[in-house]
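Asks:
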Amino acid sequence: QKEVEQDPGPLSVPEGAIVSLNCTYSNSAFQYFMWYRQYSRKGPELLMYTYSSGNKEDGRFTAQVDKSSKYISLFIRDSQPSDSATYLCAMSPNTNAGKSTFGDGTTLTVKP
Amino acid sequence: ETGVTQTPRHLVMGMTNKKSLKCEQHLGHNAMYWYKQSAKKPLELMFVYSLEERVENNSVPSRFSPECPNSSHLFLHLHTLQPEDSALYLCASSQVGGGWEYNEQFFGPGTRLTVL
Chain A
1 QKEVEQDPGP LSVPEGAIVS LNCTYSNSAF QYFMWYRQYS RKGPELLMYT YSSGNKEDGR
61 FTAQVDKSSK YISLFIRDSQ PSDSATYLCA MSPNTNAGKS TFGDGTTLTV KP
Chain B
1001 ETGVTQTPRH LVMGMTNKKS LKCEQHLGHN AMYWYKQSAK KPLELMFVYS LEERVENNSV
1061 PSRFSPECPN SSHLFLHLHT LQPEDSALYL CASSQVGGGW EYNEQFFGPG TRLTVL
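Set out below in structure tokens:
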């Protein structure tokens, strides 16, 4: 069983929709939870990170962590065509990015 | 140049060739990484150079050989590769140490490698 499972997708939504991207994990040592966005022909870029449980908001993006359920989510409000990308969740037991375990990624397409 | 750059962006090689991938970071970071990204698989960490120490994933075959001559440059030497090694190879850098803030990794655009 993988340490990190990500909803496989692909996901296709109309512009303006609310998008929910989700990952589950099995390693209770994970403390840092990250979401990366990867556009076609580019490397991943960090969108947000959260330490421990709780919510974090940044503009149209909200990251949610529920450590009791070992479940994390990324919500995108008022989705735009420019949000079309592959989203990767990642988790780490400490601040060292090199210890991160990544999900497989979910490809999102937002149609105008 | 800014951020993390990688060359070449695309590479096609035969199984008997020897080639090298190059990565350069312009961020003043003290750690550099090689990752392999294959379709429908998670990012796989291959090698880390952090504070002049090398850490490697024991599952990476010996036909991949990293080199880090200084904190800004990282190479991945390739020889006698197999078709299953075809993938996107990503380089990243970060600043390790100091405080509780997460040490964000900055990724390059990757080298798309095809092994025939």
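Top to bottom, those sequences are chains A and B. Quick note: the first sequence, position 52, residue 52 per the working numbering, numbers continuous. Quick note: the second sequence, position 10, residue 1010 per the working numbering, numbers continuous. Quick reminder that beta carbons are idealized off the backbone N, C-alpha and C, glycines included.
Quick one: what does DSSP say A/K42 is sitting in, helix, strand or coil?
Replies: Looking at A/K42 - three-state DSSP - the assignment turns out to be coil, as it is neither helix nor strand.
Asks: Quick one: which unbroken beta strand (DSSP E) runs of 3-plus residues sit fully inside the region 1032-1057 of chain B? Chain order, please.
Replies: For the region 1032-1057 of chain B, whole beta strand (DSSP E) runs of length 3 or above, ordered along the chain, are 1044-1050 and 1053-1056.
Asks: Taking 7 Å as the threshold (beta carbon to beta carbon), is B/V1048 in contact with chain A?
Replies: Yes - at least one Cβ of chain A is within 7 Å of the one on B/V1048.
Asks: The ligand GDP and A/K111: does the residue's C-beta get closer than 6 Å to at least one heavy atom of that ligand?
Replies: Among the components modelled here there is no ligand, and therefore nothing to report on the ligand GDP.
Asks: How would you label A/D66, buried or exposed, when you count the other beta carbons within 10 angstroms and need 16 or more for buried?
Replies: Exposed.
Asks: Starting from B/P1008, find everything on chain A with Cβ-Cβ shorter than 9 Å and list it in chain order.
Replies: Chain A residues near B/P1008: none, gap ~13 Å exceeds 9 Å.
Asks: Quick check on the DSSP output: the beta strand (DSSP E) that includes A/S20 runs from which residue to which?
Replies: Here the beta strand (DSSP E) through A/S20 covers V19 to Y25.
Asks: Spell out the partners DSSP gives B/P1066 in its beta bridges.
Replies: Bridge partners of B/P1066: B/L1076.
Asks: In terms of residue numbering, what span does the beta strand (DSSP E) encompassing B/T1007 cover?
Replies: Where B/T1007 is concerned, the enclosing beta strand (DSSP E) stretches over V1004 to T1007.
Asks: How many whole angstroms separate the CB atoms of A/W35 and A/L11, which I take to be in contact at a CB cut-off of 8 Å?
Replies: The Cβ separation is near 14 Å, so there is no contact.
Asks: Measure the C-alpha to C-alpha separation of B/M1046 and B/S1094 and round it to an integer number of angstroms.
Replies: C-alpha separation (whole angstroms): 15 Å.
Asks: Taking any Cβ of chain B, which residues in the region 44-57 of chain A have a Cβ under 8 Å from it, in chain order?
Replies: So the close ones are P44, E45, L46, Y49 and Y51.
Asks: Could you tell me whether any Cβ in chain A is nearer than 7 Å to the Cβ of B/S1094?
Replies: It does: the Cβ of B/S1094 has a partner Cβ on chain A nearer than 7 Å.
Asks: Flag this pair as yes or no: are the beta carbons of A/Q31 and A/T86 separated by less than 7 Å?
Replies: No; because the gap between Cβ atoms is not below 7 Å, this pair is not in contact.
Asks: Using the three-state DSSP reduction, which class does A/G54 fall into: helix, strand or coil?
Replies: Residue state, collapsed to three classes: strand.
Asks: Please report the residue range of the beta strand (DSSP E) in which A/Y71 lies.
Replies: Segment Y71 to I76, the beta strand (DSSP E) holding A/Y71.
Asks: Which of the three DSSP states is assigned to B/P1131 in this structure?
Replies: Because residue 1131 of chain B is not part of the residues shown, which for chain B are 1001 to 1116, the question remains open.
Asks: Short of 7 Å in beta carbon distance, which residues of its chain neighbour B/K978, apart from the five on each side in sequence? Order them along the chain.
Replies: The structure shown does not extend to residue 978 of chain B, since chain B is modelled only from 1001 to 1116, so the question has no answer here.
Asks: May I ask you to report which of helix, strand or coil DSSP gives A/K2?
Replies: Coil at A/K2, not helix or strand.
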